[in-house]
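Asks: Protein chains in written order, with my numbering: chain A, 1 to 341; chain B, 1 to 341; chain C, 1 to 341; chain D, 1 to 341.
Pasting a structure here, questions to come.
Right, here's the structure in full:
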């Protein structure tokens with residue numbers, strides 16, 4: 001098919017597969033030509049063929065070496081992101097990289113440096129900015145409808161904790177979970193975080209504590225524009241995925257409630273009950289995943305700014321590291337205290 | 001206490017007691033001086049004393065004969081209303097009469113004739129017009145906010161059926177229950193009913209059918225201004241008292257939801273649940289009962305039109321009789337088909 | 001592609017295009033091979049090519065003659081449906097036909113006869129049964145959660161009236177609009193309609209009245225199982241597409257509210273406001289259209305009963321004709337009064 | 001009237017008048033016999049007479065000296081509370097004291113010591129515990145329905161800032177406004193606060209900053225039982241009084257939304273809008289004020305524990321002082337750091 005943007009996808013795990021099928025079904029101007037996975041399996045091959053993806057490989061370099069391919073999606077494990085970004089940048093491929101870019105500021109800075117030198121575009125996978133509810137809140141803030149933002153309130157709770165094995169390598173709650181909320185807070189406040197105070201506890205599962213992490217946390221943010229923020233996280237909400245954002249300002253407040261599978265209310269002797277929130281991120285952010293890749297390809301097609309930059313990825317990481325430092329030292333931490341290398 | 005409006009109450013049943021204590025607590029310009037009940041009991045005497053009511057009697061005529069008393073509340077059994085109105089009118093007492101005025105058009109017409117001749121005020125106890133939710137809907141209609149009313153939708157369901165003994169004498173669902181909805185429909189439409197079609201069924205309790213009544217009904221109304229209405233009634237909603245009104249017009253719709261004891265939402269594995277509606281009319285219309293007597297005394301004190309006239313009582317009865325006729329004959333019935341005597 | 005169900009689509013208007021792209025994107029086991037439209041245009045050809053549909057034609061017979069094709073979607077104008085069903089049935093193609101099958105009972109009966117003789121499957125396009133909200137209500141009814149259905153309440157209002165030209169040929173409000181609600185009522189009640197009373201008015205646009213139709217209507221339904229129903233329709237709700245269903249039963253009530261673009265609440269000096277309902281059927285039933293074709297192909301693949309049969313199409317039409325007769329004669333009409341030819 | 005509890009009220013300002021009329025109208029077992037106000041005015045005298053209160057005086061000592069009076073309500077200015085409590089205790093009067101008891105720990109401790117020695121009851125006016133919504137949340141927590149409390153979230157925003165003159169003497173946002181939320185947090189958590197971190201800003205009115213206070217604040221609480229809390233306050237929410245509480249636990253979450261004047265939803269081209277929250281505390285806590293005095297007299301009549309003790313008043317003050325210290329020093333502060341004298 002002439003004129004289509006040829007795409008290579010690195011990493012065929014859950015999120016890699018989501019992006020691949022979203023591109024196949026919803027991005028007519030793009031075409032996935034190669035999928036690379038260091039652990040290529042017959043299952044992945046069958047899946048790729050089913051989507052009409054011509055080539056599969058164990059070696060990402062085949063993607064970088066393919067002159068037809070102009071866009072790379074990096075969906076492999078976090079520890080590989082930075083190096084793959086550098087390779088992709090050198091190969092002049094536009095990049096969509098899953099979050100986090102890396103768990104160390106140093107490697108993220110190095111990756112962004114390579115991106116800057118090559119002039120390619122890079123978008124980081126903070127998908128929640130593309131959620132219909134949070135985008136609507138953002139519109140109301142940006143349009144000035146609620147006036148100057150004064151308080152940003154974010155509640156983010158998972159239906160169940162990840163495996164302990166994951167907690168051990170993920171960088172912990174602040175870097176694998178709340179980092180999404182840091183991005184959301186910056187997105188909604190329209191301002192950068194300058195100070196963080198984090199309070200955490202292990203109330204869900206002692207094993208998480210043994211792994212050196214917390215499973216419940218409340219963080220207070222201070223923004224450059226003077227606004228304040230509060231984020232609460234829990235690894236386990238028995239009623240499902242709880243994702244709410246509220247921005248309070250001088251002219252009003254905009255609050256996004258959860259999405260549910262239906263609007264049906266059941267009235268009975270037991271009370272008036274409605275559905276639990278959509279179970280988890282795959283259901284809640286189904287459309288957001290489509291919207292983020294659509295926005296990415298739109299930015300490429302029309303040479304526009306991406307909506308979530310590598311810089312955003314870096315800043316979110318720094319806020320997360322400041323939160324970890326705050327928790328460890330039991331005091332508010334200035335963003336400027338986080339070393340850039 | 002000088003200058004207070006002296007009040008006599010006839011009938012010390014549930015509703016009579018509610019009005020009495022509401023006047024004592026919330027109508028500082030009025031004073032209940034006598035309570036009459038043909039079945040005077042020690043219990044009533046104690047209750048009256050507790051409220052600081054000086055006199056109790058078995059004989060309503062003592063109230064009519066008392067020159068100090070200028071206002072009478074008629075809260076006795078329905079079959080006594082018309083005659084008591086006539087006596088009160090002749091004694092030049094302003095009258096608050098519980099609904100229905102009577103189950104026959106002839107007696108209501110006679111009572112209203114006596115009222116007209118004596119020039120006293122009479123307000124009929126259609127309390128729902130004074131409910132905060134329905135009054136708010138009415139304001140939105142009257143102010144033109146929703147444009148010309150086109151569809152009036154009323155849902156009215158009781159938590160449990162009345163005793164069969166009551167059904168046998170009440171005039172049935174259309175005259176003891178839906179008559180409130182006919183008044184609400186006329187109130188919200190701002191226009192008179194010209195045609196009624198009633199469909200009924202006995203789905204709750206066969207004994208109600210045996211008593212010659214229905215326990216479930218849907219009525220279609222046609223108004224003089226062209227608007228249409230639909231009312232659904234059930235004698236038994238297991239989740240409690242269901243009282244909703246919606247007015248749809250050319251510029252929008254105003255819909256009143258039920259009231260609940262609290263706004264609390266409980267999110268658990270079972271779903272997201274909130275309270276059932278307030279259980280029954282005593283809870284739901286607690287403030288409406290206060291507001292209606294306040295409005296009545298305000299109309300007297302400032303010589304204003306009452307908000308629910310005897311004429312309203314007559315028209316509501318006629319709509320109810322038309323509904324009974326429609327159900328009996330299985331066809332839409334014009335209001336003009338109901339004989340005025 | 002081997003093993004895929006080959007599909008021919010007749011009629012490339014709005015709804016034909018929706019089904020085509022839904023099959024291409026969401027029904028991997030099916031493949032659209034031919035699109036026929038008597039008014040084939042370059043625009044349609046480009047669209048078809050864009051979707052990877054190999055053949056386009058002006059002549060539906062090419063589809064019936066194609067031995068590869070085993071499934072036909074009939075999305076052409078209503079007056080052609082019955083004949084095309086007969087042709088498709090004779091050609092042994094399974095059939096998905098848009099609603100209504102026809103505006104006359106006689107032609108629908110003839111079409112269903114042909115279908116029966118050939119033994120092919122036919123599903124009629126009453127898409128709302130596949131809406132997430134209404135399906136949830138249905139689950140609660142079918143599971144017995146709300147007990148025996150007693151009152152079915154349906155509100156269905158369009159954001160704006162169709163062109164007068166359409167009203168003139170559509171069969172009118174009861175056959176082009178409320179017929180969806182008749183299907184929904186039968187679906188939710190789990191019982192057949194036995195009597196209909198229709199009241200209509202022309203309150204939105206006098207031109208609709210001139211065209212011999214009404215634009216506002218309230219219909220009372222009586223079901224074989226004793227339940228009662230009320231449906232209200234308006235051609236114009238300024239706040240958007242209003243699609244609500246409530247089923248009240250002996251153990252509770254299930255009520256589906258409208259869907260909105262977001263859950264965001266904006267609190268300001270003006271009040272607490274949220275989004276209007278999704279604008280119209282394309283937005284509200286986007287997923288329902290996908291679900292209905294998925295269910296259709298699933299029924300074919302696994303030789304199951306279709307979820308909306310030709311019989312349903314016939315019964316909905318008969319209820320619609322009974323409603324028209326009721327409006328014309330100003331009386332309740334028994335379903336049995338509608339002649340079967 | 002024999003057998004009634006005779007009550008003296010000190011301070012006939014807004015809150016004193018509310019308590020007086022609530023006792024007159026809603027506490028039949030009590031009788032207000034004297035009202036004292038150092039600034040007695042004809043207006044107060046008229047008001048008292050209207051309520052049937054026999055005596056008015058400028059001198060509170062007349063109340064302490066009256067052997068008939070067994071209950072005193074202290075509704076005068078904060079700086080007089082402690083001394084009046086001591087006098088009342090010595091005079092063996094049961095005491096209801098408005099919050100805060102005092103702005104210094106030392107004087108509160110002294111007052112509570114006098115109370116303990118005399119053995120009278122004292123209830124402090126933290127009225128929000130008696131709000132129907134927050135009481136319902138508390139029931140769900142106490143009954144174990146939501147499991148172990150893990151996160152307590154409180155939003156408390158006023159419709160408009162108080163006069164600067166008030167801010168200057170009130171002790172500031174943490175002692176005049178958020179102290180209610182500290183009480184609510186302790187009430188809902190069922191545990192004492194052990195650490196406080198406060199972040200504040202002046203975003204509403206610079207004059208408040210000049211007066212040495214903040215008008216916007218977010219506080220993080222740590223409870224003895226391990227739960228965490230977050231409270232956000234603003235002196236100005238343009239949409240009205242915003243009073244919400246959420247308790248998240250191991251088995252679910254209970255969240256109280258705001259109360260509004262009606263449940264009516266207006267759907268128009270502008271959106272779907274409902275009423276703003278009840279404007280301010282007089283409207284929102286109307287019933288809570290009645291409930292708290294009812295509970296107080298009930299505790300006296302049946303010699304039960306009061307529901308908000310002097311100890312609660314002391315602990316709330318200490319949390320507030322810890323919050324002020326935290327804000328001043330920019331670090332989390334342990335409750336144990338607040339000196340008890």
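From the three backbone atoms N, C-alpha and C, an ideal C-beta is built for every residue, glycine too.
These numbers come from a predicted model, not from an experiment.
Out of 46/C, 277/C, 80/C, 97/C, state which residue places its alpha-carbon closest to the alpha-carbon of residue 292/C.
Replies: On the third chain, residue 292/C is found 292 positions in, with the first residue counted as 1. When each option's Cα is compared against that of residue 292/C, the closest is 97/C.
Asks: For a contact defined as C-beta to C-beta under 7 Å, what are the partners of residue 234/C on chain B?
Replies: Mapped onto the third chain, residue 234/C falls at position 234. The answer, in chain order, is 150, 151, 248.
Asks: Using CA atoms only, rank isn't needed, just tell me which of 27/B, 64/B, 124/B is closest to residue 315/B.
Replies: Residue 315/B sits at position 315 when you count from the first residue of the second chain. Measuring C-alpha to C-alpha distances from residue 315/B to each of 27/B, 64/B, 124/B identifies 124/B as the nearest.
Asks: Just to confirm the assignment: which complete beta strand (DSSP E) runs, minimum length 3, are found wholly within the segment 74-135 of chain D?
Replies: 94-97, 122-124
Asks: Looking at the structure shown, is residue 69/D part of a helix, part of a strand, or coil, going by DSSP?
Replies: Stepping through the fourth chain from its first residue, residue 69/D is reached at position 69. If DSSP states are grouped into helix, strand and coil, residue 69/D belongs with the strands.
Asks: In three-state terms, what does DSSP make of residue 20/A?
Replies: Here residue 20/A is taken as the residue at index 20 of the first chain, counted from 1. DSSP places residue 20/A in helix when its eight states are reduced to three.
Asks: Per DSSP, which one or two residues make a beta bridge with residue 343/A?
Replies: Residue 343/A lies beyond the residue range present for chain A, which begins at 1 and ends at 341; the question has no answer from this structure.
Asks: Whose C-alpha, out of 324/B, 93/B, 75/B, is nearest the C-alpha of residue 99/B?
Replies: In the second chain, the residue the question calls residue 99/B occupies position 99. Measuring from the Cα of residue 99/B, the nearest candidate turns out to be 75/B.
Asks: With DSSP collapsed to three states, give me the class of residue 331/D.
Replies: Numbered from 1 along the fourth chain, position 331 holds the residue referred to as residue 331/D. Correct three-state label for residue 331/D: coil.
Asks: Between the Cα of residue 201/D and those of 237/D, 173/D, 154/D, spot the shortest distance and give me the residue it belongs to.
Replies: For the purposes of this step, residue 201/D is taken as the residue at position 201 of the fourth chain. Ranking 237/D, 173/D, 154/D by Cα distance to residue 201/D puts 173/D first.
Asks: Contact criterion: CB-CB distance below 7 Å. Does residue 216/A meet it with respect to chain D?
Replies: As a first step, residue 216/A is located in the first chain; it is residue number 216 there, counting from the start. Closer than 7 Å: yes.
Asks: So who's on the other strand from residue 223/B, going by DSSP bridges?
Replies: Translated into the one-based positions of the second chain, residue 223/B becomes position 223. According to DSSP, residue 223/B bridges with 193/B.
Asks: Flag this pair as yes or no: are the beta carbons of residue 54/B and residue 82/B separated by less than 7 Å?
Replies: The count along the second chain starts at 1 and reaches residue 54/B at position 54. The count along the second chain starts at 1 and reaches residue 82/B at position 82. No.
Asks: Mind checking whether residue 275/B and residue 262/B have CB atoms under 7 Å apart?
Replies: Translated into the one-based positions of the second chain, residue 275/B becomes position 275. Translated into the one-based positions of the second chain, residue 262/B becomes position 262. Using a Cβ distance threshold of 7 Å, residue 275/B and residue 262/B count as a contacting pair.
Asks: Starting from residue 287/D and walking both ways along the alpha helix (DSSP H), at which residues does that stretch end?
Replies: Taking the first residue of the fourth chain as 1, we reach residue 287/D at position 287. 286-301 is the extent of the alpha helix (DSSP H) around residue 287/D.
Asks: Under 7 Å between beta-carbons, which chain B residues line up against residue 259/D? List them in chain order, please.
Replies: In the fourth chain, residue 259/D corresponds to position 259, counting from 1. In chain order: 263.
Asks: From residue 306/C to residue 129/C, what does the alpha carbon distance come to, in whole angstroms?
Replies: Residue mapping note: residue 306/C aligns to position 306 of the third chain, counting from 1. Residue mapping note: residue 129/C aligns to position 129 of the third chain, counting from 1. Looking at the two C-alpha atoms, the distance is approximately 12 Å.
Asks: Just to confirm, is the Cβ distance from residue 193/B to residue 221/B under 7 Å?
Replies: The count along the second chain starts at 1 and reaches residue 193/B at position 193. The count along the second chain starts at 1 and reaches residue 221/B at position 221. Result yes, Cβ atoms of residue 193/B and residue 221/B sit closer than 7 Å.
Asks: If you draw a straight line from the C-alpha of residue 147/D to the C-alpha of residue 326/C, how long is it?
Replies: By one-based count along the fourth chain, residue 147/D stands at place 147. By one-based count along the third chain, residue 326/C stands at place 326. Between residue 147/D and residue 326/C, the C-alpha separation is close to 58 Å.
Asks: What are the partner residues of residue 248/D, as DSSP defines its beta bridges?
Replies: Position 248 of the fourth chain, counted from the first residue, corresponds to residue 248/D. Answer by DSSP bridge pairing, in chain order: 151/D, 253/D.
Asks: Figure out for me which residue from 157/D, 84/D, 298/D, 87/D has the closest Cα to the Cα of residue 240/D.
Replies: What you label residue 240/D is simply residue 240 of the fourth chain in a count that begins at 1. Closest option to residue 240/D, Cα to Cα, is 157/D.
Asks: For residue 247/A, which residues from the same chain have a beta carbon less than 7 Å from its beta carbon, with the 5 sequence-adjacent residues on both sides left out?
Replies: Here residue 247/A refers to the residue found at position 247 when the first chain is read from its first residue. So the list reads 137, 141, 146, 149, 152, 188, 253, 254, once near-sequence residues are dropped.
Asks: What residues in the segment 270-284 of chain D bring their beta carbon closer than 9 Å to a beta carbon of chain C?
Replies: Residues passing the 9 Å Cβ filter: 270, 271, 272, 273, 274, 275, 276, 277.
Asks: Pull out every residue of the segment 110-140 of chain D whose Cβ sits closer than 7 Å to any Cβ of chain B, in chain order.
Replies: 132, 133, 136, 137, 140
Asks: How close, in whole Å, do the beta carbons of residue 264/A and residue 22/C come, if the pair is a contact with beta carbons under 8 Å?
Replies: Taking the first chain and counting its residues from 1, one reaches residue 264/A at position 264. Taking the third chain and counting its residues from 1, one reaches residue 22/C at position 22. Taking the Cβ atoms as the reference, residue 264/A lies roughly 24 Å from residue 22/C, outside the contact range of under 8 Å.
Asks: Please report the straight-line C-alpha distance between residue 185/A and residue 127/B, rounded to a whole angstrom.
Replies: On the first chain, residue 185/A is found 185 positions in, with the first residue counted as 1. On the second chain, residue 127/B is found 127 positions in, with the first residue counted as 1. If I take the Cα positions, the gap works out to 50 Å.
Asks: If we count Cβ pairs, one from each stretch, closer than 8 Å, do we get three or more for the segment 50-69 of chain D versus the segment 26-42 of chain D?
Replies: yes
Asks: Exposed or buried, which one is residue 170/B when buried takes at least 16 other CB atoms within 10 Å?
Replies: Residue numbering aside, residue 170/B sits at position 170 when the second chain is read from its first letter. By the 10 Å Cβ count, residue 170/B comes out buried.
Asks: Mind checking whether residue 131/A and residue 288/A have CB atoms under 7 Å apart?
Replies: For the purposes of this step, residue 131/A is taken as residue 131 along the first chain, with counting starting at 1. For the purposes of this step, residue 288/A is taken as residue 288 along the first chain, with counting starting at 1. Yes, these two residues count as a Cβ contact at 7 Å.
Asks: Could you tell me which residues DSSP pairs with residue 6/A in its beta bridges?
Replies: Here residue 6/A is taken as the residue at index 6 of the first chain, counted from 1. Its beta-bridge partners are 31/A, 69/A.
Asks: For residue 218/C versus residue 155/B, is the C-beta distance shorter than 7 Å?
Replies: As a first step, residue 218/C is located in the third chain; it is residue number 218 there, counting from the start. As a first step, residue 155/B is located in the second chain; it is residue number 155 there, counting from the start. No, these two residues do not count as a Cβ contact at 7 Å.
Asks: Hey, residue 135/D and residue 164/D are a contact pair by Cβ (cut 8 Å); roughly how many whole angstroms apart?
Replies: Position 135 of the fourth chain, counting from 1, holds the residue named residue 135/D. Position 164 of the fourth chain, counting from 1, holds the residue named residue 164/D. At roughly 34 Å, the Cβ-Cβ gap does not stay under 8 Å, so residue 135/D and residue 164/D are not in contact.
Asks: For residue 226/D, go through chain A and note every residue whose CB falls closer than 8 Å to its CB, in chain order.
Replies: Along the fourth chain, read from residue 1 onward, the residue named residue 226/D stands at position 226. In chain order: 201, 203.
Asks: Could you list which residues in chain C have their beta carbon closer than 7 Å to that of residue 267/A, in chain order?
Replies: Taking the first chain and counting its residues from 1, one reaches residue 267/A at position 267. What residue 267/A touches in chain C: 252, 253.
Asks: Relative to the C-alpha of residue 44/A, which candidate in 279/A, 160/A, 25/A, 18/A has its C-alpha closest?
Replies: By one-based count along the first chain, residue 44/A stands at place 44. With distances taken between Cα atoms, residue 44/A lies closest to 18/A.
Asks: With a 10 Å radius around its C-beta and 16 neighbouring C-beta atoms as the bar for buried, classify residue 79/B as buried or exposed.
Replies: Residue numbering aside, residue 79/B sits at position 79 when the second chain is read from its first letter. It is exposed - the Cβ of residue 79/B has fewer than 16 other Cβ atoms within 10 Å.
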